[in-house]
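The sequence shown begins at 1 in UniProt numbering and counts up one residue at a time. Idealized CB from N, CA, C, for every residue including glycine. Below is one structure, written out as structure tokens, with a few remarks after it.
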Amino acid sequence: MRKQFYPDDIRNCFRRLRSKTGPTMGANKLAGLVAKINQSGLPTSVREGALTLAFNSQVKMAGLAGIHIESLSESQSVLTLKNRFRVQNHIGSVHACGMALLAESASGVVFGMNVKDTHLPLLKSMSINYVKRAQGDLRAVATLTPTQREALERDDKGNVVVDVVLTDAKGERPVEVQMTWAWTPKRPKAP
Numbered sequence: 001m002r003k004q005f006y007p008d009d010i011r012n013c014f015r016r017l018r019s020k021t022g023p024t025m026g027a028n029k030l031a032g033l034v035a036k037i038n039q040s041g042l043p044t045s046v047r048e049g050a051l052t053l054a055f056n057s058q059v060k061m062a063g064l065a066g067i068h069i070e071s072l073s074e075s076q077s078v079l080t081l082k083n084r085f086r087v088q089n090h091i092g093s094v095h096a097c098g099m100a101l102l103a104e105s106a107s108g109v110v111f112g113m114n115v116k117d118t119h120l121p122l123l124k125s126m127s128i129n130y131v132k133r134a135q136g137d138l139r140a141v142a143t144l145t146p147t148q149r150e151a152l153e154r155d156d157k158g159n160v161v162v163d164v165v166l167t168d169a170k171g172e173r174p175v176e177v178q179m180t181w182a183w184t185p186k187r188p189k190a191p
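Laid out in structure tokens, this is it:
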């Protein structure tokens, strides 16, 4: 069971992060913030809480569903979703849309860690095959290969297929998931 974190813990976490000096680390602002959180020396539960809070403040649907970030780096993300009433279907397992949201969130956050600030990340397509009933809580692991990360750094636009391994409480894979993410330069804002 995860340790609860409290608002004072989060406030103290962000105070400590703001007090650190030096250039932003990582490919973009998100990667820099995540690097600071990961290297902060804070307890694991507070680091996870800070990562989750930062993500869910930007992706409101993930916050409503209760998606939690266990770990996040520029090459891999691990996210979880508890099987609770708010996300259940009529048979008591996590709803198909909840599984899709978890997979999209896991792939999107690791992809977003590698997209330059001058570019826009876009979900191009998702392929989800539901192969068996999910049992209990869910865990999604999304990984970018070194080749994919190099393409994101080198190319001005393109797309990559991010594989997501989604498992349930029994360690089974109830769905097979592939997310295709694209990146393109941001358009200048009109005056």
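With a threshold of 16 other CB atoms inside 10 Å of the CB of arginine 47, please say whether the residue is buried or exposed. buried
Length of the line joining the Cα atoms of aspartate 163 and lysine 189: 33 Å
Count the other C-beta atoms from every protein chain shown that fall within 10 angstroms of the C-beta of glycine 92, then say buried if there are 16 or more, exposed otherwise. Burial check for glycine 92: the Cβ neighbour count within 10 Å stays below 16, so the residue is exposed.
Confirm, please, whether the CB-CB distance from alanine 103 to alanine 134 is below 7 Å. Contact: no.
What would DSSP say about isoleucine 67, mapped onto helix, strand or coil? Judged by DSSP in its simplified three-state form, isoleucine 67 adopts coil rather than helix or strand.
Rounding to the nearest angstrom, what Cα-Cα distance links alanine 65 and lysine 157 in this structure? 32 Å
Closest residue to valine 34 among Pro191, Thr147, Val110, Val177 (Cα-Cα distance): The candidate whose alpha carbon is nearest that of valine 34 is Val110.
How many Å lie between leucine 152 and alanine 100 at the Cα? 24 Å
Pairing CB atoms from the stretch 118 to 134 with CB atoms from the stretch 171 to 186, are three or more of them under 8 Å? Yes, the stretch 118 to 134 touches the stretch 171 to 186.
Please classify glutamine 39: does DSSP put it in a helix, a strand, or coil? coil
Taking DSSP as the reference, what is the three-state secondary structure of asparagine 129? strand
Give a yes or no on whether the C-beta atoms belonging to leucine 42 and leucine 72 are separated by under 7 Å. Cβ distance not < 7 Å, so leucine 42 and leucine 72 don't count as in contact.
Going by alpha carbons, who is nearest to valine 160 out of Thr143, Lys170, Ala96? Thr143
Under the DSSP definition of a beta bridge, which residues are partnered with valine 110? Per DSSP, none; premise fails for valine 110.
The beta strand (DSSP E) that contains serine 77, what's its start and end? Its beta strand (DSSP E) spans residues 76 to 81.
Whole-angstrom C-beta distance between lysine 186 and threonine 118, which should lie under 8 Å: 6 Å
Quick check on this structure: which residue in Cys97, Pro146, Asp137, Gly112 has the alpha carbon closest to the alpha carbon of threonine 184? Gly112
Would you kindly check if the distance between the Cβ of valine 59 and the Cβ of glutamate 70 is under 7 Å? No, these two residues do not count as a Cβ contact at 7 Å.
Between Trp181, Pro191, Asn28, Ala27, which lies nearest to alanine 106 when the distance is taken from Cα to Cα? For alanine 106, the closest of Trp181, Pro191, Asn28, Ala27 by C-alpha to C-alpha distance is Trp181.
Who are the Cβ neighbours of lysine 124 in its own chain at under 8 Å, not counting the five residues just before and after it? Asn159, Thr180, Trp181, Ala182
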